[in-house]
Structures are given as structure tokens and as C-alpha cells.
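Enquirer: The opening position of the sequence shown corresponds to residue 1 in UniProt numbering, with each subsequent residue numbered one higher. Ideal placement from N, C-alpha and C gives every residue a C-beta, glycine not left out. Fair warning: this is a prediction, and the values are worked out from it, not measured in the lab.
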Amino acid sequence: MAISDPEQAFRQTSWAGLRARLFHLYFLLRRPMTLGVRGLIHDRTSNSVFLIRHTYVPGWQLPGGGVELGETLGEALTRELAEEGNIALTAPPVLKSMHFNRRSSRRDHVAFYLIESFSQTAPKLPDHEIAEAGFFPLDRLPEGTTPATLQRIAEVFGGDPASPHW
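#1: Using a Cβ-Cβ cutoff of less than 6 Å, which residues in the same chain neighbour I110 once the five nearest sequence positions on both sides are dropped?
#2: Counting beta carbon pairs with one atom in the region 139-157 and one in the region 44-64, are three or more of them shorter than 8 Å?
#3: From V156 to L69, what does the alpha carbon distance come to, in whole angstroms?
#4: Bridge partners of H128, per DSSP?
#5: Taking the runs of the alpha helix (DSSP H) that are 4 residues or longer, which of them lie wholly in the UniProt domain "Nudix hydrolase" (32-159)?
#6: Assuming the contact rule is C-beta atoms closer than 8 Å, I87 and F118 should be a hit. Round their C-beta distance to whole Å, please.
#7: Between the Cα of T78 and those of R107, P126, P161 and F112, spot the shortest distance and give me the residue it belongs to.
#8: Assign H42 to buried or exposed, taking buried as 16 or more other Cβ atoms, counted over all protein chains shown, within 10 Å of its Cβ.
#9: Among L125, P126, S97 and A133, which residue has its Cα nearest to the Cα of D160?
#10: In angstroms, rounded to a whole number, what distance separates the CA positions of T34 and E71?
#11: Is it right to say L18 is buried, meaning 16 or more other beta carbons lie within 10 angstroms of its own, or is it exposed?
#12: With the cut-off set at 8 Å, would you say T55 and E129 are in Cβ contact?
#13: On a Cα-Cα basis, can you pick out the residue from A131, G64 and A162 that is closest to residue 167?
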């Protein structure tokens, strides 16, 4: 049945929108999901990849981090690369895969990107978050490279199928 009263139609539409926002808020509070980004920065000239070692977790890993409120995946990746490596994108990154990170939480997901067009303004110096950072040849990755990092590298360069898990 069509609604002929515009005011009644507006009230029903407004209630539906409010109800949708309330349900969204309820699910956000009950089942918050976290989303992160990681970038595999590959220097084709030297066939090396950029890795970081944090001050607060063990192992060498790909740069990246959480997507902040109001931020797109691309914006988060751009911010994290600048913060953790003094690296700027010079072309759009390639989204390679999405992963469930069950080690982090029951609702954490990571968007994994390949970056081959970039610039680095200066080598990344240690700070409160990053203990070490640098480019490493694919055949000489540092001892302590995390299993997830090794798996992502194998998926991109070794032809391994992308795992659904980080």
C-alpha cells in the first residue's frame, strides 16, 4: 500500500534510518571489529623488501597498523608507511589479499598491499615505536622475520596461495 501523506512517509523513513543507526551502534558495541593494513614494499632494482622491528613486539615484519576512525584503507596505509618508514606512495598500491588475524582478536582483519612504486625521503631512524627498519634482499631476510611476514612474501614471490589467516 502506497503512503500518500508525505509527512507520514517522512516519519517512517526517519524511523527506519534511526533504527538502522541504533542497530549499527548496538553491533559496534557488542561485536567491535578491528581493521588493519600492511604493506609489502618491494624495491625491484635491488630485489629487496622493507621490514621493520617494533620496540614493543618481537620479530621483523611488514610496516602497517590499524585503520583509524574516519580513515580509508588507503589513507591508513599512506600514514603508516610515512610513520614507520619515511616512505611515500608514488602510485596506487595493489590490494593483494584480506586476512583474518585470529592471533590479534576474534574480529581483526588485515588488508595486505603490494607496493612497488614509492619514494623514501630518508632512512628510517629508530624512535619510540620502531627499533630498526630497512631494506633486505629477498634471499637474505633477517633472522627473526615473523611467520606471517614470511608467508606473505611467499604468497607474492613464491606463488603460494593466499591464506585466509594472517
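Expert: Well, looking at it:
#1: At residue 110 the sequence reads Val, which differs from the Ile that was named. Only G36, R38, H99, N101 and W166 meet the Cβ criterion.
#2: The answer is yes - the region 139-157 touches the region 44-64, with three or more Cβ pairs under 8 Å.
#3: The alpha-carbon atoms of V156 and L69 are separated by roughly 29 Å.
#4: Under DSSP, H128 forms no beta bridge with any residue.
#5: List check, alpha helix (DSSP H) in window: 73-85 and 147-157.
#6: Indeed they touch by this definition, with Cβ atoms about 5 Å apart.
#7: Taking only the C-alpha atoms, the option nearest T78 is F112.
#8: H42 should be labelled buried.
#9: The residue with the shortest Cα to Cα distance from D160 is S97.
#10: Rounded to the nearest angstrom, the two C-alpha atoms are 13 Å apart.
#11: Counting other Cβ atoms within 10 Å of its Cβ, L18 stays below 16 and is therefore classed as exposed.
#12: Contact flag set, yes.
#13: What is shown of the chain runs 1 to 166, which leaves residue 167 out entirely.
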